[in-house]
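With the numbering used here applied, the sequence shown has no gaps in its numbers, which climb one by one up to 164 at the end.
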Amino acid sequence: MPLMTWNDELSVKVKEIDDQHKKLIGLINCLHDAMKGGQGKQVMESTLQELASYTVYHFQAEEKYMQKFSYPGYHAHKLKHDAFVKKVSDFQKDFEAGRLGLSLELMNFLKEWVTTHIMDTDRQYSATFVKAGLK
Ligand SMILES: [Fe+2]
Ligand SMILES: [Fe+2]
30 MPLMTWNDEL SVKVKEIDDQ HKKLIGLINC LHDAMKGGQG KQVMESTLQE
80 LASYTVYHFQ AEEKYMQKFS YPGYHAHKLK HDAFVKKVSD FQKDFEAGRL
130 GLSLELMNFL KEWVTTHIMD TDRQYSATFV KAGLK
């Protein structure tokens, strides 16, 4: 069973962004599968790298739209993105240095963070983005 599944409650009503969230959830599931399947360090490292890069790409896409549409919550939202990027990057460094392993605790942190962020933070820009013509 996948760790996370996308559902309509997570929709921000913009297909491009919903698709990016689905991809992000898919990457977290890949990491979870790699951990559960006892994959080697290299597989986990590259999956983690893919997740880290895609997270940055996705956050930049949201930030670009928030700026373009003069969304008032931009700065507070970006701070949350920056904190998460730092956390993932720190984790990546610790993992690569062998100081930390993948754990269910970490997987649950990723799951909870992404779910809460989409539900509580991303969904707040939904009306602004839809009004600006994104669909
Ligand atoms: Fe997002
Ligand atoms: Fe966001």
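All C-beta atoms in this analysis are idealised placements derived from N, C-alpha and C, irrespective of residue type, glycine included.
What's the C-alpha gap between residue i and residue j?
i       : j       : result
Leu-80  : Lys-160 : 30 Å
Asp-111 : Gly-67  : 30 Å
His-87  : Lys-107 : 12 Å
Leu-139 : Met-64  : 14 Å
Ser-132 : Phe-124 : 11 Å
Ser-155 : Met-95  : 10 Å
Lys-164 : Ala-126 : 43 Å
Glu-91  : Tyr-100 : 11 Å
Trp-142 : Lys-93  : 21 Å
Gly-69  : Ser-75  : 10 Å
Could you work out which residue in the options is closest to residue i when comparing CA atoms only?
i       : options                         : result
Gln-78  : Ser-132, Thr-145, Phe-120       : Phe-120
Pro-31  : Ser-75, Leu-56, His-146, Asp-47 : Leu-56
His-50  : Ile-147, Leu-163, Ser-82        : Ile-147
Lys-116 : Ala-90, Val-85, Glu-92          : Val-85
First and last residue of the alpha helix (DSSP H) that includes residue i?
i       : result
Tyr-86  : 70–97
Val-117 : 103–125
Ser-40  : Taken as a continuous stretch (DSSP letters only), Ser-40 belongs to no alpha helix (DSSP H), as it is neither H nor E.
Can you tell me whether residue i is buried or exposed? The criterion is at least 16 other CB atoms within 10 Å of its CB, across all chains shown.
i       : result
Glu-38  : exposed
Gln-71  : exposed
Thr-17  : Outside the modelled stretch of the chain, which goes from 30 to 164, sits residue 17, for which no answer is possible.
His-104 : exposed
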